[in-house]
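Contents: one structure, followed by commentary.
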Amino acid sequence: MKGYMYILKCSNGQFYTGSTKDLEKRLSEHNSGNGANFTKKHAPCKLVYFEEYDRIDYAFYREKQIQRWGHKKKQALINKEIDYLHELAKCKNESNYKNR
Numbered sequence: 003m004k005g006y007m008y009i010l011k012c013s014n015g016q017f018y019t020g021s022t023k024d025l026e027k028r029l030s031e032h033n034s035g036n037g038a039n040f041t042k043k044h045a046p047c048k049l050v051y052f053e054e055y056d057r058i059d060y061a062f063y064r065e066k067q068i069q070r071w072g073h074k075k076k077q078a079l080i081n082k083e084i085d086y087l088h089e090l091a092k093c094k095n096e097s098n099y100k101n102r
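Numbers given in this note's numbering equal positions in the sequence shown, counted from 1, plus 2.
See below:
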């Protein structure tokens, strides 16, 4: 069964990441107050990015991965700034630089 991972931009400027089998229905739920608690508080929400998968569990896995990302990294994904996305993904702690 097909699945989608999606990112919404909410009225407070923050991103909400989710997954669903029916993207249009879920978007409608978020904006009518029947979605997640976060989107209820920060509606209206606009769909700014989505990925389609052959299986819902793949979309769910991707959702969990992206939920751990910061705002800048999500923005780079949304804007398709692949080089910047890779730069943001690099480890920048001191021990990483010592081992180079």
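Beta carbons are placed, not taken as given, at the ideal position from N, Cα and C, and that holds for glycine.
- In the three-state DSSP reduction, Lys-23 falls in the coil class, being neither helix nor strand.
- Here DSSP, grouped into helix, strand and coil, assigns Lys-11 to strand.
- In this structure, DSSP gives Glu-83 a state outside helix and strand, which the three-state scheme calls coil.
- In the same chain as Thr-19, and ignoring 5 residues on each side of it, the C-beta atoms closer than 6 Å to its own belong to Ile-9, Glu-65, Ile-68 and Gln-69, in chain order.
- Note on the region 25-82: whole beta strand (DSSP E) runs with a minimum of 3 residues are 47-55, in chain order.
- Ser-13 and Lys-48 have their C-alpha atoms roughly 8 Å apart.
- The C-alpha of Val-50 lies about 18 Å from the C-alpha of Lys-43.
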